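Working notes, beginning with the structure itself.
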Amino acid sequence: MSKSKKDLKFASITAQDIPAANEYVNPHAAPLYLSSTYVYESPEKAQEVFKGKAKAYIYSRWSHPNAELVERKIEQMESFGTKTTCKSLLFSSGMAAISALFQSLIKPGDSLIIQGNIYGTTVDYVNHAVEQFGLKVHYMDFARLDKIEAVLKKNKKVKLVYAETPSNPTINCYDLKALSSLSHKYKVKFAVDNTFASPYLQRPLESGADFVLHSSTKYLNGHGTGLSGVLTGGDVAFMEKNVWTIRKLHGSICSPFDAWMLNLGMKTLSLRMEQHCANAMAVAEWLQKHKAIAKVNYLGLSSHPDHALAKKQMKNFGGVVSFEMKKGYKAGEQLMKRLKFCKLTASLGTTDTLIQHPASMSHYFVPKAQREKFGITDGLVRLSVGIEDVGDIIGDMEQALR
Ligand SMILES: Cc1ncc(COP(=O)(O)O)c(C=O)c1O
Numbered sequence: 004m005s006k007s008k009k010d011l012k013f014a015s016i017t018a019q020d021i022p023a024a025n026e027y028v029n030p031h032a033a034p035l036y037l038s039s040t041y042v043y044e045s046p047e048k049a050q051e052v053f054k055g056k057a058k059a060y061i062y063s064r065w066s067h068p069n070a071e072l073v074e075r076k077i078e079q080m081e082s083f084g085t086k087t088t089c090k091s092l093l094f095s096s097g098m099a100a101i102s103a104l105f106q107s108l109i110k111p112g113d114s115l116i117i118q119g120n121i122y123g124t125t126v127d128y129v130n131h132a133v134e135q136f137g138l139k140v141h142y143m144d145f146a147r148l149d150k151i152e153a154v155l156k157k158n159k160k161v162k163l164v165y166a167e168t169p170s171n172p173t174i175n176c177y178d179l180k181a182l183s184s185l186s187h188k189y190k191v192k193f194a195v196d197n198t199f200a201s202p203y204l205q206r207p208l209e210s211g212a213d214f215v216l217h218s219s220t221k222y223l224n225g226h227g228t229g230l231s232g233v234l235t236g237g238d239v240a241f242m243e244k245n246v247w248t249i250r251k252l253h254g255s256i257c258s259p260f261d262a263w264m265l266n267l268g269m270k271t272l273s274l275r276m277e278q279h280c281a282n283a284m285a286v287a288e289w290l291q292k293h294k295a296i297a298k299v300n301y302l303g304l305s306s307h308p309d310h311a312l313a314k315k316q317m318k319n320f321g322g323v324v325s326f327e328m329k330k331g332y333k334a335g336e337q338l339m340k341r342l343k344f345c346k347l348t349a350s351l352g353t354t355d356t357l358i359q360h361p362a363s364m365s366h367y368f369v370p371k372a373q374r375e376k377f378g379i380t381d382g383l384v385r386l387s388v389g390i391e392d393v394g395d396i397i398g399d400m401e402q403a404l405r
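Under my numbering, think of the first position of the sequence shown as 4, with each following residue one higher.
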């Protein structure tokens, strides 16, 4: 019970909050809850909450309303059009979501099967975990189900098959249904990094995946304004107990402000993804005809070896294109120097067009031999096509490739 105004000293008035008068507060947009802790009306109520007998927020490292709002939305997106139930947990970054998945599933001495052509820091993380926890890691070509099956047959310690499709930065597409049933045949969990597609274009749980994750820093936020990651699992009890505990103990929950911005960004996801895809298709077609370009990787091009699979598995082909210059890295470097409208930066999935060089930027920490084995060559350039007027994007590429 607060004291009446006349009983309080000046410093007490300034130091305390005045509780919101709830009958007048009904905001249209979700408010931002910048509170580390939550207050209880009595010690009995606090005890019930801590014992899990009553539901209330406790401490923002455990959970908070801005994270939960986003989690409920992502659960609905990932299970859209199905009867599947799932549970999402929001993290401070995509890497925090990935490491929570690994740490909740894998023990020292276990084995993993991982796609070779994936995001550089995921490889860096796994390589560190190999040293620290004595894991055995099989980096593999996920188009070769026969080879994956051979490892699963031989190695009973494999706990996880981990895919990323479309892949960063080679833009390959892998068969989610086939990979899930193969993993499940050997009672191994199957997880998918769905960052490049977003739940608007592809929903791996529908294809049988056990886990789906995103760097929601990318398309889900869409504006490059904050860091976040989200992990969703079909086994609700495992998510609520094992993954939630890792998040609580590591303090890796997304901040209320980043979650609030993510929610704002997600409101336009469908519109943005449609425009990203339309613009990326136009840019890929234009690049394919350019005399300075040796090869364009975009799943929407009928010449792409994975085009038919992507057409079946995804609603559209995504917003990222990668390409190789005929004259190799030097020509790519010159292109990046000359661009005026497209921004040279390491991220992707924002409203504006971003270009980067994987070998020296996003995949710099992947050993060169490992990179090259999986197609991430020195000459590869990655373009995250934005939602600007496509004429301005192509115009900038045209003047830079002169
Ligand atoms: C495909 C993919 N997965 C995961 C991540 C890691 O996400 P974050 O940077 O939010 O930690 C990235 C980041 O670029 C990514 O591209």
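We treat Cβ as the ideally placed atom computed from N, Cα and C, and that holds for glycine. Source: prediction; values computed, not measured.
Is any heavy atom of ligand 1 found at a distance shorter than 8 angstroms from the C-beta of LYS351? Here residue 351 is Leu; the residue named in the question, Lys, does not match the sequence. Under cutoff, so the answer is yes.
What does the alpha-carbon distance come out to for the pair LYS188 and TYR142? Straight across, the Cα-Cα distance linking LYS188 with TYR142 is about 20 angstroms.
According to DSSP, which residues form a beta bridge with GLU167? ASP196
Same chain, Cβ closer than 6 angstroms to LEU290, neighbours up to 5 away in sequence not counted: ILE296, VAL299 and PHE326
Close-in-space but distant-in-sequence residues of the same chain around MET4 (CB under 6 angstroms, 5 per side omitted): The pLDDT assigned to MET4 is 44, lower than 50, so where the model puts this residue is not dependable, and the model offers no usable value.
Any non-hydrogen atom of ligand 1 within 8 angstroms of GLU78 CB: no
Boundaries (first-last residue) of the alpha helix (DSSP H) holding VAL388: Here VAL388 belongs to no alpha helix (DSSP H), and DSSP marks it neither H nor E.
On the premise that ALA194 lies in contact with PHE214, defined as a C-beta separation below 8 angstroms, what is that separation, rounded to the nearest angstrom? 4 angstroms
With a Cβ-Cβ cutoff of 9 angstroms, do GLY236 and GLY268 count as a contact? Taking 9 angstroms as the Cβ cut-off, GLY236 and GLY268 do not qualify as a contacting pair.
Any idea what DSSP makes of PHE377, helix, strand or coil? coil
Around the Cβ of TYR62, are there at least 16 other Cβ atoms within 10 angstroms (buried) or fewer (exposed)? exposed
If you reduce the DSSP assignment to three classes, tell me which class LYS76 lands in. helix
If you follow the alpha helix (DSSP H) that SER91 is in, where does it begin and where does it stop? Premise fails: SER91 lies in the beta strand (DSSP E), 90-94, not in any alpha helix (DSSP H).
Relative to the C-alpha of CYS345, which residue among GLU288, PRO370, LYS376 and ALA403 is closest? Ranked by how close their Cα comes to the Cα of CYS345, the residues GLU288, PRO370, LYS376 and ALA403 have ALA403 in first place.
Beta-bridge partners of GLU327, as assigned by DSSP: LYS298 and LEU383
Which term fits THR17, buried or exposed, when burial requires 16 or more other beta carbons within 10 angstroms of its beta carbon? THR17 comes out exposed.
Please go through the same chain and pick out, in chain order, the residues whose beta-carbon is closer than 8 angstroms to the beta-carbon of ALA103, but skip the five residues on each side of it. LEU92, PHE94, LEU234, VAL246, ILE249, ARG250, HIS253 and SER255
Option nearest THR87 by Cα separation, candidates ILE174, SER45, GLY211 and ASN25: GLY211
Pairwise C-alpha distance: ALA166 and ILE116: 9 angstroms
When you compare only the Cα positions, how much space is there between LYS190 and ASP395? 50 angstroms
TYR177 and PHE136 - do their beta-carbons sit closer together than 9 angstroms? Not in contact: PHE136 and TYR177 (Cβ atoms no closer than 9 angstroms).
Report whether the distance from the Cβ of TYR177 to the nearest heavy atom of ligand 2 is below 8 angstroms. Ligand 2 is not among the ligands present in this structure, which contains only ligand 1.
Heavy atom of ligand 1 within 8 angstroms of LYS265 beta-carbon: Reading off the sequence shown, one finds Leu at residue 265, where the question assumed Lys. Checking the Cβ of LEU265 against ligand 1 gives no.
State the DSSP-derived secondary structure class of VAL215, mapped to helix, strand or coil. Residue state, collapsed to three classes: strand.
Does ARG147 have its Cβ less than 9 angstroms from a Cβ in chain C? Here there is only one protein chain, and chain C is not present.
Buried or exposed: ALA313, going by 16 or more other Cβ atoms within 10 Å of its Cβ? buried
Residue span of the beta strand (DSSP E) that contains MET242, given as start and end: Careful: MET242 lies outside any beta strand (DSSP E) and carries neither H nor E.
Cutting at 8 angstroms between CB atoms, please list the residues of its own chain near MET98, excluding the five before and the five after it. THR124, THR125, TYR128, SER218 and GLY232
Is the beta carbon of TYR122 within less than 8 angstroms of some heavy atom of ligand 1? yes
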